[in-house]
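Trainee:
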Amino acid sequence: MLRAELYYRNIRGLVGDLLLISDGEYILEIKFCNDDKVINSDIPILLKTDRQLRQYFVRERQLFDIPLKPIGTDFQLSVWNELKKIPYGKTISYQELAHRVGNSNASRAVGNANGKNPIPIIIPCHRVIRKSGDLGDFGGGINIKRKLLELEGK
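Sequential numbering from 47 applies to the sequence shown in this note's numbering.
#1: Please tell me whether Leu-129 and Asn-163 are closer than 9 angstroms, where the distance is taken between their beta carbons.
#2: So within the stretch 108-171, which uninterrupted alpha helix (DSSP H) runs reach at least 4 residues, ignoring any that extend past its ends?
#3: Give the C-beta separation of Pro-113 and Tyr-72 to the nearest angstrom, bearing in mind that I take them to be a contact with Cβ-Cβ under 8 angstroms.
#4: Whole-angstrom Cβ separation of Thr-137 and Lys-83, contact assumed at under 8 angstroms?
#5: DSSP on Ile-188, reduced to helix/strand/coil?
#6: From Asn-149 to Ile-85, what distance separates their C-alpha atoms?
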């Protein structure tokens, strides 16, 4: 099996350093980090993602139209697809997300899948909070989750 070439782009945004990773056609991952060792690529998908994220960070964009290819289990993919349906500026509970994927008793499994989301912000896992209203966890850290929700008016 041939491994596809990967392309990278570091950007700095409202939430700090982000590393975009693409296979040339799709965004595969967004990481909360800066990797000075990568060569920043100017391929169209990375430039488009960079531009749309910058627009989002200054409240000029609420929806993304980036081709995504997150890699995960069927269950994870179903959770990530439901995340994309949560509107800008809205939050739902882990329990509600579990209900939406067809198993109201799977809040913990949904939380785990949410935490493994490889394309945060664009697949808005930050919009899922605890039923109590507590923010819960976030792969980029709770302060970043808070900033993203504040940006969206929550």
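Every residue gets a Cβ at the ideal spot worked out from N, C-alpha and C, and that includes glycine.
Mentor: Taking the structure as given:
#1: The Cβ-Cβ distance between Leu-129 and Asn-163 falls below 9 angstroms.
#2: Runs found: 120-129, 140-146 and 153-161.
#3: Contact annotation, Pro-113 with Tyr-72: C-beta distance approximately 5 angstroms; criterion of less than 8 angstroms satisfied.
#4: Rounded, the Cβ-Cβ distance is 36 angstroms, inconsistent with contact.
#5: In the structure shown, Ile-188 sits in a helix (DSSP, three-state: H, G or I).
#6: Going by the C-alpha atoms only, they are around 43 angstroms apart.
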